[in-house]
Amino acid sequence: MSEASNSVPAGGGAAGRAERAAQRRAIASRYALLPLRLFLGVTFVYAALDKLSDAHFLAGAGDPASFVSQTQAAKAGGSPISFLLGPALDHPTLFALAVAFGELAVGLGTLLGLWGRVAALGGALLNLSLWLTVSWSVAPYYLGNDLAYLMAWIPLVLAGTPYLSVDGYLARRAGRDRERGLGEDHVKRRALVDGGIAAVAIGGAGLLTGSLTRTFGRGRQAAPKQSAAPVSAAPAQAPTVSAASVPVGGSAQVKDPATGDAVYIVQPKAGQYCGLSSVCTHSGCAVDAPKNGQLYCPCHGSRFDAATGAVVNGPAVKPLPKYAVTKDGDKLTLGPQQS
Ligand code: FES
Numbered sequence: 125m126s127e128a129s130n131s132v133p134a135g136g137g138a139a140g141r142a143e144r145a146a147q148r149r150a151i152a153s154r155y156a157l158l159p160l161r162l163f164l165g166v167t168f169v170y171a172a173l174d175k176l177s178d179a180h181f182l183a184g185a186g187d188p189a190s191f192v193s194q195t196q197a198a199k200a201g202g203s204p205i206s207f208l209l210g211p212a213l214d215h216p217t218l219f220a221l222a223v224a225f226g227e228l229a230v231g232l233g234t235l236l237g238l239w240g241r242v243a244a245l246g247g248a249l250l251n252l253s254l255w256l257t258v259s260w261s262v263a264p265y266y267l268g269n270d271l272a273y274l275m276a277w278i279p280l281v282l283a284g285t286p287y288l289s290v291d292g293y294l295a296r297r298a299g300r301d302r303e304r305g306l307g308e309d310h311v312k313r314r315a316l317v318d319g320g321i322a323a324v325a326i327g328g329a330g331l332l333t334g335s336l337t338r339t340f341g342r343g344r345q346a347a348p349k350q351s352a353a354p355v356s357a358a359p360a361q362a363p364t365v366s367a368a369s370v371p372v373g374g375s376a377q378v379k380d381p382a383t384g385d386a387v388y389i390v391q392p393k394a395g396q397y398c399g400l401s402s403v404c405t406h407s408g409c410a411v412d413a414p415k416n417g418q419l420y421c422p423c424h425g426s427r428f429d430a431a432t433g434a435v436v437n438g439p440a441v442k443p444l445p446k447y448a449v450t451k452d453g454d455k456l457t458l459g460p461q462q463s
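What follows is the structure in structure tokens.
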């Protein structure tokens with residue numbers, strides 16, 4: 125059926141109303157997967173460009189947000205496919221770029237509906253591999269977002285992208301060719317060639333966009349942050365809080381004046397104060413405020429000791445950076461970063 129034939133028929137009486145209601149339900153069913161397709165397509169394009177523009181993702185093993193650090197953490201965290209991660213650790217830049225450009229291809233294919241089943245299968249395989257690696261140690265399992273994405277791809281793998289899509293256009297044209305009496309081989313070859321041309325054109329545009337993003341993205345801004353020396357906050361700029369706002373086991377949040385990152389001032393034992401960065405050393409998410417002696421990262425489930433910042437539970441492998449805190453009367457002052 126042509127996409128143009130979706131109009132609701134005119135007509136009076138109960139029969140007409142029933143027919144119009146049935147038509148509306150049919151249209152809703154036909155486009156039921158469109159919001160999911162748009163969400164997954166936009167998300168994958170965004171995720172790909174975000175990776176390509178982030179120097180941390182493509183940095184080396186010393187950067188906790190890098191592809192290689194995340195892969196090492198997955199391996200250390202008991203990934204069931206850890207035996208497959210060796211090649212990725214041997215050639216991390218190649219694999220990191222493959223993941224980013226793979227996400228871009230999947231996102232564009234899904235958004236435009238070009239070879240939609242193939243794109244959806246690619247997305248499902250990407251999320252399956254992420255679930256079995258970076259999300260594997262997340263507990264409980266339903267907090268692992270890669271599993272949810274994997275499930276979200278399955279309807280598109282099954283249904284494809286037949287509406288509002290390049291696939292739909294090619295299918296309708298193939299139908300017209302058949303009506304004109306053209307041979308099946310000719311019809312299939314034409315659809316394959318035209319689909320291939322569209323894929324090359326869209327892939328080229330994606331490659332260009334990705335390369336430009338990588339060249340002019342956040343890489344230049346991120347570099348100094350990696351090589352920054354330990355913070356030495358000038359006393360005049362050092363943030364302060366009242367000691368009363370930091371009970372034993374509690375915290376108060378301040379900002380590192382050098383980086384702008386949030387820091388928790390904590391009092392793990394009576395009279396002992398220190399600062400802990402709120403930036404998770406796994407992939408840079410903000411960890412929650414300390415609770416029951418631990419700081420929890422909601423992204424992939426890492427837990428850190430609220431007294432020392434040490435990793436209690438991966439996938440993070442590095443402790444949270446720690447800061448000195450001095451007490452003067454009822455005033456707590458954030459000092460320099462110590463680790
Ligand atoms: S960012 Fe992954 S556990 Fe925190």
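Per this note's numbering, the sequence shown starts with residue 125, numbered consecutively.
Think of the CB as a built atom: it goes at the ideal place given N, C-alpha and C, for glycine as much as any other residue.
Model, not experiment: these values are computed from the prediction.
Cβ contact check for the stretch 262-276 and the stretch 216-236: 3 or more pairs under 8 Å: Output reads no: the stretch 216-236 does not touch the stretch 262-276.
Beta-carbon contacts of Lys-451 that lie in its chain and below 7 Å, excluding the five residues immediately before and after: Ala-367, Tyr-397
Residue from Cys-404, Ala-329, Thr-405 with nearest C-alpha to Leu-228: Ala-329
Any alpha helix (DSSP H) of 4 or more consecutive residues that is wholly inside the stretch 248-334: If only uninterrupted alpha helix (DSSP H) runs of at least 4 residues are considered, those enclosed by the stretch 248-334 are 269-283, 290-303.
Check whether Gly-319 and Leu-294 have beta carbons under 8 Å apart: yes
Inter-residue Cα distance where the pair is Ala-325 and Leu-238: So the alpha carbons of these two residues sit roughly 11 Å apart.
N-terminal and C-terminal residue of the beta strand (DSSP E) that Val-365 is part of: 364-366
Among Ala-172, Tyr-447, Cys-409, Thr-337, the one whose alpha carbon lies nearest that of Lys-379: Comparing alpha-carbon positions, the option among Ala-172, Tyr-447, Cys-409, Thr-337 lying closest to Lys-379 turns out to be Tyr-447.
Under 8 Å between C-beta atoms of Ala-376 and Val-365: yes
Residue closest to Ser-407, alpha-carbon to alpha-carbon, out of Ala-283, Gln-196, Ala-362, Gly-373: Gln-196
Gly-395 at chain D interface by Cβ criterion, 8 Å: In summary, chain D is missing from the structure at hand, where a single protein chain is found.
Inter-residue Cα distance where the pair is Ser-289 and Arg-300: 17 Å
Helix, strand or coil at Pro-348 [DSSP, three-state]: Confidence is the limiting factor: at Pro-348 the pLDDT is only 35, short of 50, which leaves the residue's position unreliable and the question unanswerable from this model.
Cβ shell of Ala-142 (< 6 Å), same chain only, five flanking positions each side left out: none
Delimiting residues of the beta strand (DSSP E) encompassing Ala-376: 375-379
Pairwise C-alpha distance: Arg-302 and Ser-193: 54 Å
Cutoff 8 Å; reference Leu-158; Cβ partners in own chain excluding five residues on either side: Tyr-287, Leu-288
Distance cut-off 7 Å: His-406 Cβ against heavy atoms of ligand 1: yes
Ile-205 classed as buried or exposed, judged by whether at least 16 other C-beta atoms fall within 10 angstroms: exposed
Neighbour-count burial assignment, Phe-168, 16 or more Cβ in a 10 Å radius: buried
8 Å CB neighbourhood of Leu-162 in its chain, flanking five on each side removed: Leu-235
Cβ pair Pro-258, His-424 closer than 8 Å: Contrary to the premise, residue 258 reads as Val rather than Pro in this sequence. Cβ atoms of Val-258 and His-424: closer than 8 Å.
Trp-239 in three-state terms, based on DSSP: Coil at Trp-239, not helix or strand.
Own chain partners of Trp-277 with C-beta closer than 6 Å, once the 5 adjacent residues on each side are dropped: Within the same chain, Trp-277 has close Cβ partners Ala-244, Gly-247, Ala-248.
Coil, strand or helix - Thr-432 by DSSP: coil
Own chain partners of Val-370 with C-beta closer than 6 Å, once the 5 adjacent residues on each side are dropped: Excluding sequence positions up to five before and after Val-370, its CB lies within less than 6 Å of the CB of Ala-376, Ile-389, Gln-391, all in the same chain and listed in chain order.
Sheet register partners of Arg-154 (DSSP bridge): Per DSSP, none; premise fails for Arg-154.
Which of helix, strand or coil DSSP assigns to Val-169: helix
Ser-426: CB within 7 Å of a non-hydrogen atom of ligand 1: yes
Delimiting residues of the beta strand (DSSP E) encompassing Thr-450: 446-452
Pairwise C-alpha distance: Leu-444 and Gln-461: 11 Å
Which residues DSSP lists as bridging Val-403, in chain order: Ala-410
Simplified DSSP assignment, three categories, for Leu-208: Per DSSP, reduced to three states, the secondary structure at Leu-208 is helical.
Assigned exposure category for Phe-428 - 16 Cβ within 10 Å defines buried: buried
Spatial distance of Asn-251 from Pro-363 (CA atoms): 42 Å
First and last residue of the uninterrupted alpha helix (DSSP H) at Thr-383: Segment: none, Thr-383 is in no alpha helix (DSSP H) and carries neither H nor E.
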